[in-house]
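**Q** In the working numbering, the protein residues as written are 6 to 343. Using N, Cα and C, we set each Cβ at its ideal position, and we do this for glycine too. I'd like to ask some things about the structure below.
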Amino acid sequence: MFPSLEKGDRGDLQDALEYIPSRLRMSGPDEVQARVNALREQINYHNYRYYVLDDPEIPDVEYDRLLRELQSLEAKYSSLVTPDSPTQRVGAEPLKAFGEVQHELPMLSLANAFSEEELRAFDKRVRDLVDSDEAIEYAAEPKLDGLAISLLYRDGLLARGATRGNGIKGEDITQNVRTIHAVPLRLRGTGYPDLVEVRAEVYISKRDFEEFNARARKSGEKTFVNPRNAAAGSLRQLDPRLTAKRPLSIFCYGIGKIEGKNRPDRQSAILQQLRDWGLRVCPETEIVKGANGCLDYYRRIGERRPALPYDIDGVVYKVNRIDLQRQLGSVSRAPRWA
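Shown next, in the form of structure tokens:
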């Protein structure tokens, strides 16, 4: 697994200077800046391959060499350090308390259906409200048993992370979110919005949870009851260095507020946009039609549930067309379209 970026793991920065190629030790600022930029691009790419695609291209020792060289250059040329550098995931001082955050748009709850009849009634309400006799297209995905958060990006840079809280206000967990390697500090590509609020679920995989508890038992530390409690407790650590030691990951599932770019016209297109920006999206998402398609998806996911690498506590259906979502609107704190 790629190394963490905790201060305590970096070693003596003077000793680390040996990772700077000899040609750069007496180079001018332009050449050093170019090398720093190249290293960041390479490291971000390999982070993306490893933490988002789960498909690494290089061994850990090669990744570590790139990271050490970047750390060394930034130690020698401190003016080149930027907030979105891969070296800056951990390093903030512990907080005394979490600040309060008002979400750009409310993070709504979802209504529940506990039977086939209730699911069919939901589908009928949707068709009645949009006055359609045709089968409605839904985006279906597993409902992860994790913790909902929002990620605010300004000009492509991660500006804030917050818990869902009561849906209107949450807690500012920016420093802790920055420690999650699957969360890009800068969005991939170009042409991203001036502002975009990404909705995501933080979780710990079953395998990582078992390995974490095994290490905790071996060292006599506290173990967790289940992955959800572990994820929630990890995000609410006042010391981000402790959060960095927890094997947290995310799946992104939607967009809240967006400025400077048109919202895609379908939920499926939103998910693809998130992927294009380098954000993790659950690979089990599908587009289904009508109540029968929803029920078929539910049965198939139910059969596969024990083999999924993460815990789920249901499935989620969302009307795929955004114009129909707007037409359906919300009631209280729950959307009519999901």
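Between the Cα of A140 and those of R326, G175, Q332, spot the shortest distance and give me the residue it belongs to.
**A** For this step, residue 140 is matched to residue 135 along the sequence shown. Checked all of R326, G175, Q332; the closest Cα to A140 is R326.
**Q** Report the rounded CA-to-CA distance for R233 versus R251, giving the unit in angstroms.
**A** The count along the sequence shown starts at 1 and reaches residue 233 at position 228. The count along the sequence shown starts at 1 and reaches residue 251 at position 246. Going by the C-alpha atoms only, they are around 12 Å apart.
**Q** Quick one: Cα of L124 to Cα of A236, how far?
**A** Your numbering for residue 124 matches position 119 in the sequence shown. Your numbering for residue 236 matches position 231 in the sequence shown. Going by the C-alpha atoms only, they are around 30 Å apart.
**Q** Is there contact here, the region 107-125 with the region 176-188, by at least three beta-carbon pairs under 8 Å?
**A** No, they do not touch.
**Q** Report yes if the C-beta distance between I275 and P269 is below 7 Å; otherwise report no.
**A** Position 270 of the sequence shown holds residue 275. Position 264 of the sequence shown holds residue 269. Yes, these two residues count as a Cβ contact at 7 Å.
**Q** Using 8 Å for Cβ pairs, my map puts A205 next to V95. What's the rounded Cβ distance?
**A** Position 200 of the sequence shown, counted from the first residue, corresponds to residue 205. Position 90 of the sequence shown, counted from the first residue, corresponds to residue 95. Not really, about 20 Å apart at Cβ, beyond 8 Å.
**Q** State the beta-bridge partners of E142 as determined by DSSP.
**A** For the purposes of this step, residue 142 is identified with residue 137 of the sequence shown, where counting begins at 1. For E142, which the question treats as bridged, DSSP gives the partners K294.
**Q** Does the beta-carbon distance from P147 to E291 come in below 7 Å?
**A** Counted from its first residue, the sequence shown places residue 147 at position 142. Counted from its first residue, the sequence shown places residue 291 at position 286. No, these two residues do not count as a Cβ contact at 7 Å.
**Q** Quick check on the burial criterion: 16 or more other C-beta atoms within 10 angstroms. Buried or exposed for G161?
**A** Within the sequence shown, residue 161 is the residue found at index 156, counting from 1. Buried, by the Cβ-count rule.
**Q** Helix, strand or coil: how does DSSP classify R252 here?
**A** Looking up residue 252 in the sequence shown gives position 247. Reading the sequence as shown, one finds Pro at residue 252 and not Arg. Coil, per DSSP.
**Q** My understanding is that E202 touches L163, with C-beta atoms under 8 Å, so please give their C-beta distance in whole angstroms.
**A** Walking along the sequence shown from the start, residue 202 turns up at place 197. Walking along the sequence shown from the start, residue 163 turns up at place 158. The Cβ separation is near 12 Å, so there is no contact.
**Q** Classify I275 as helix, strand or coil using the three-state DSSP reduction.
**A** The residue labelled residue 275 in the question sits at position 270 within the sequence shown. Helix at I275.
**Q** Only counting the same chain, and skipping five residues up and downstream in sequence, which positions put a Cβ closer than 8 Å to that of M31?
**A** The residue you call residue 31 lines up with position 26 of the sequence shown. Interpretation of M31 is limited by its pLDDT of 48, a score under 50 that renders its predicted location unreliable; the figure taken from the coordinates is listed afterwards. So no residue of the chain qualifies.
**Q** What number of angstroms, rounded off, separates the C-alpha of V41 from the C-alpha of T184?
**A** Position 36 of the sequence shown, counting from 1, holds the residue named residue 41. Position 179 of the sequence shown, counting from 1, holds the residue named residue 184. Cα-Cα distance, rounded: 21 Å.
**Q** Do D150 and D301 have their C-beta atoms closer together than 7 Å?
**A** Start at 1 with the first residue of the sequence shown, and residue 150 comes out as number 145. Start at 1 with the first residue of the sequence shown, and residue 301 comes out as number 296. No; because the gap between Cβ atoms is not below 7 Å, this pair is not in contact.
**Q** Taking 6 Å as the limit between beta carbons, can you name the residues of its chain near L284, skipping five residues before and five after?
**A** The residue you call residue 284 lines up with position 279 of the sequence shown. Excluding residues within five positions, the ones whose Cβ falls inside 6 Å are C257.
**Q** What would DSSP say about C287, mapped onto helix, strand or coil?
**A** To locate residue 287, count along the sequence shown from 1; it is residue 282. The answer is coil: DSSP assigns C287 none of H, G, I, E or B.
**Q** Where does K227 fall in DSSP's three states?
**A** Residue mapping note: residue 227 aligns to position 222 of the sequence shown, counting from 1. Coil at K227, not helix or strand.
**Q** Give me the Cβ distance between K211 and P314, rounded to the nearest whole Å; I'm assuming they're in contact under 8 Å.
**A** In the sequence shown, the residue the question calls residue 211 occupies position 206. In the sequence shown, the residue the question calls residue 314 occupies position 309. The Cβ separation is near 6 Å, so the contact holds.
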